[in-house]
Amino acid sequence: MSENRPIHCGDGKDDPAGATPGGKKLTRREILSAGLRGAGLLGAAGLAGMAGSSSAAGDVVWQLDPYKCIQCGNCATYCVLTPSAVRCVHAFDVCAYCKPCFGFFDMVSAKPDAGAENQLCPVGAITRTYVTDVYYQYTIDESLCIGCGKCVKGCATFGNGSLFLQIRHDLCVNCNHCAIAAACPTGAFRRVSRKNPYILKTKDHAT
Amino acid sequence: MNRRLLTIAMILCFGAAAYAVERFPPPDLPAGYQKPVVPNLPPRSEAMQWLDAALLAGAICLSAWLSIRLRSRAGLIVLTAACVAYFGFYRKGCVCPVGSVQNVAAALADPTYAVPAAVALFFCLPLILTLLFGRTFCGAVCPLGAIQELVLVRPIKVPAWLEHSLGLLPWVYLILAALLAATDVTFIICQYDPFVAFFRRSGNNLMMIVSFCWLAISLFVSRGYCRFFCPYGALLRIFSRISWKRVAITPSICVKCRLCADACPYGAIRPPDDAKLSDLVLARRRLIAMIVLLPMLVFAGAWACSLLREPLARLNGIVELSEQIRREDAGLASVRTAASEIYRASGRSVSDLHAQARAIRGKFTARFSIASMPVELRLEVLAGGLAGLVFGLKLAQMSVRRRREDWAPDPARCFSCGRCFKYCPVLPDGKVQELLE
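Which chain is which? The protein sequence lines are S and G, in order.
According to my numbering, the stretch in the first sequence is residues 1 to 207, in order.
According to my numbering, the stretch in the second sequence is residues 1 to 437, in order.
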């Protein structure tokens with residue numbers, strides 16, 4: 001096998017069968033190949049080490065910043081999951097418990113009663129419950145929510161902005177590059193620490 | 001009451017920014033009222049990612065053991081199915097080593113970009129193990145390759161010229177993906193992932209169509225994605241060329257029956273080449289010509305790609321939106337797009353958007369200093385030069401001719417699938433199996 005070695009060797013390829021003749025002296029090609037192999041090993045490990053060293057702070061997941069969100073509706077359509085892993089969350093501390101909730105009612109319709117035709121939510125995921133004569137509680141059924149942000153827009157435009165969108169991490173598959181992040185027109189999506197994976201609206205922020 | 005609240009709302013909302021405003025004071029809720037608590041469930045634990053990386057390394061080593069030592073095609077099929085089930089359907093095809101190339105490219109361009117440790121491992125483990133055992137990762141572990149391996153029903157033969165020309169596509173794709181990731185434009189490999197929508201059985205229309213097409217193609221073109229598209233495969237190809245161990249078709253000697261070549265659906269088994277001295281001299285002359293041609297190809301690639309800066313930047317959603325709004329404001333666009341309407345209605349300033357787009361365009365120029373000398377490097381020109389270099393090296397490689405005695409797999413193209421083992425009539429003791437019937 002090896003007496004028929006080619007005259008020239010320049011491409012660093014080893015014998016395809018990989019059968020090094022036992023006890024034979026190493027050929028030039030084999031030495032070259034081993035050298036390249038070592039360089040490749042170092043290169044791959046070094047590249048990964050360089051890339052990975054910046055993540056020493058800890059692991060990250062995707063989240064959307066509700067203060068940058070403009071409710072464009074991309075969250076509902078661009079997520080690789082159907083329905084989207086983005087759902088509406090209600091910050092009860094920020095909510096004013098409005099009787100005519102602008103996140104709940106479709107204000108185009110004349111009658112503010114809780115009939116389905118008067119609701120803004122296309123899937124009926126918001127439940128309106130009586131608290132007092134002037135205050136009503138709005139609860140989101142996350143299992144129904146599709147993350148379209150219609151209620152969020154209503155609440156942000158006319159109310160306190162207590163309804164907001166969040167990636168739900170029990171649903172999110174944490175894609176290498178979030179498909180919604182790529183489509184988000186305001187760059188509201190960013191990587192956050194896995195230990196603190198939500199950007200929630202709280203009383204202090206509502207200024 | 002209703003009307004009063006509505007009036008207050010109207011008064012308050014005009015002139016105020018459309019978000020993050022507390023317009024109404026917190027209500028006096030009755031004493032017995034309990035505010036509901038919304039649970040915020042944590043993501044999948046970090047330890048599971050380490051488990052994934054360990055499973056990946058284990059599966060590649062197992063694949064190497066099955067293909068190099070045990071020579072068991074059946075074992076490889078079982079491993080292939082297991083990897084499709086775990087890395088594909090259970091882990092939903094993400095993170096995969098193919099896409100991790102982009103994270104590494106992004107991290108090299110921007111040192112503040114955090115690559116999760118698991119992604120860094122997913123990037124380097126298959127590369128290192130391919131240096132040791134050949135493309136055993138592609139053979140049975142990669143869920144994208146594994147699914148193609150399993151659905152192949154009737155492979156069609158791809159002519160050699162087409163195989164060689166299409167074989168350049170992975171390089172183009174790799175360079176393009178690295179450029180777009182480094183400039184923060186998009187992660188194109190993930191955007192056009194061939195099977196991830198199938199693994200998740202959901203996804204946007206584009207991904208579903210892409211998945212469906214690739215599934216249909218893989219019924220007849222054996223591993224079409226791996227051979228003619230996979231950007232990570234391009235790296236694995238060179239690494240596999242110099243691997244320490246690799247698959248051998250025959251357990252002892254080759255009897256040149258060429259049964260293995262007929263069995264290989266990837267056309268990866270090369271016939272013996274008894275090149276005469278005159279052939280070798282001719283080949284060497286052609287090689288020299290190609291090497292002379294190399295700088296010209298590099299320059300041509302760099303020049304061609306220098307024209308692509310703007311079209312490539314436009315692949316980014318923010319840049320595209322900013323351009324659209326600019327066109328609309330200049331009266332060049334007759335209709336406003338939905339995205340532009342939404343952005344304008346959001347109350348955010350247009351100049352803010354233009355600034356973001358400028359920042360992304362700016363990333364195409366890398367600024368660093370060598371020995372306190374400021375250097376400006378246009379990344380698209382670098383990418384074009386690299387593409388030209390790859391073309392030139394491919395031409396040079398094709399003009400290299402070597403004597404080969406036996407039928408043997410091309411280490412760059414062999415996926416270590418093990419189909420050839422079954423067809424090789426040679427027994428481990430060197431005797432030839434009697435062919436029945």
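All C-beta atoms in this analysis are idealised placements derived from N, C-alpha and C, irrespective of residue type, glycine included.
- Counting only Cβ-Cβ distances below 8 Å, Cys61 of chain G has no contacts in chain S at all, with the closest Cβ about 16 Å away.
- Residue state for Phe164 of chain S is assigned as strand, using DSSP reduced to three classes.
- Fewer than three Cβ pairs drawn from the stretch 326 to 339 of chain G and the stretch 398 to 413 of chain G lie within less than 8 Å of each other, which leaves the two stretches out of contact.
- Taking a cut-off of 8 Å on C-beta distances, the stretch 216 to 232 of chain G touches the stretch 153 to 163 of chain G, as three or more cross pairs fall below it.
- Here Thr202 of chain S is exposed: its Cβ has fewer than 16 other Cβ atoms, across all protein chains shown, within 10 Å.
- In this structure, DSSP gives Gln324 of chain G a helical state, which the three-state scheme calls helix.
- Each of G:Gly418, G:Met290 and G:Pro116 was checked against the Cα of Ala47 of chain G, and the nearest Cα belongs to G:Pro116.
- Contact annotation: Lys35 of chain G and Phe92 of chain S have beta-carbon atoms nearer than 7 Å.
- If you ignore the 5 residues before and after Lys153 of chain S, its C-beta comes within less than 6 Å of the C-beta of Gln71, all in its own chain and listed in chain order.
- When beta bridges are read from the DSSP output, Glu376 of chain G appears opposite G:Arg367.
- For the 7 Å CB-CB criterion, Ala261 of chain G and Trp50 of chain G do not form a contact.
- Counting only Cβ-Cβ distances below 7 Å, Cys190 of chain G has contacts in chain S at Cys175, Asn176 and His177, in chain order.
- By the beta-carbon neighbour count (other beta carbons within 10 angstroms, threshold 16), Asp59 of chain S is buried.
- For Leu219 of chain G, not one C-beta of chain S is nearer than 7 Å to its own C-beta.
- The CB of Val60 of chain S comes closer than 7 Å to the CB of Ala114 and Pro116 in chain G, given here in chain order.
- A straight line joining the alpha-carbon of Met207 of chain G with that of Ala197 of chain G spans about 6 Å.
- Comparing C-alpha distances from Val134 of chain S to each of S:Val123, S:Lys99 and S:Gly161 shows the shortest one belongs to S:Lys99.
- Flagged as an interface residue toward chain S: Gly203 of chain G, by a C-beta distance shorter than 7 Å.
- The stretch 249 to 263 of chain G makes no contact with the stretch 116 to 127 of chain G: fewer than 3 CB pairs, one atom from each, lie closer than 8 Å.
- In the DSSP assignment, Ser63 of chain G falls within the alpha helix (DSSP H) that extends over Glu46 to Ala64.
- When beta bridges are read from the DSSP output, Trp62 of chain S appears opposite S:Arg191.
- Following the DSSP letters along the chain, one finds Thr139 of chain S in no alpha helix (DSSP H) but inside the beta strand (DSSP E) bounded by residues Tyr136 to Ile140.
- Residues of the stretch 44 to 78 of chain G that bring their beta carbon within less than 8 Å of a beta carbon in chain S comprise Arg44, Glu46 and Gln49, in sequence order.
- Inter-residue distance for Leu386 of chain G and Pro126 of chain G is about 23 Å (C-alpha atoms, whole angstroms).
- For the C-beta of Tyr33 of chain G, the chain S residues within less than 9 Å are, from N- to C-terminus, Val131, Thr132, Tyr135 and Gln137.
- His90 of chain S: member of the beta strand (DSSP E) spanning Val86 to His90, first to last residue.
- Per the coordinates, the alpha-carbon of Lys363 of chain G lies some 37 Å from the alpha-carbon of Ser33 of chain S.
- DSSP places Tyr130 of chain S in the uninterrupted beta strand (DSSP E) bounded by Ile126 to Tyr130.
- Of G:Pro42, G:Thr365 and G:Leu353, the smallest CA-CA separation from Val192 of chain S is found for G:Pro42.
- Distances from the CA of Cys83 of chain G to each of G:Ile318, G:Cys61 and G:Gly430 were compared; the closest alpha carbon is that of G:Cys61.
- Considering only S:Gly115, S:Val94 and S:Ile126, the residue with the shortest C-alpha distance to Arg23 of chain G is S:Val94.
- Taking 8 Å as the upper bound for CB-CB distance, Asn204 of chain G and Tyr130 of chain S are not in contact here, some 40 Å apart.
- Taking the Cα positions, Glu310 of chain G is about 11 Å away from Arg358 of chain G.
- Take Gln356 of chain G, set aside five residues on each side of it, and the residues of its chain with a beta-carbon closer than 8 Å to its own are Ile318 and Ser322, in chain order.
- Per the C-alpha coordinates, the member of S:Gln137, S:Ala114 and S:Arg190 positioned closest to Pro66 of chain S is S:Arg190.
- Cβ-Cβ separation between Ala125 of chain S and Cys145 of chain S: approximately 4 Å, consistent with a contact (criterion under 8 Å).
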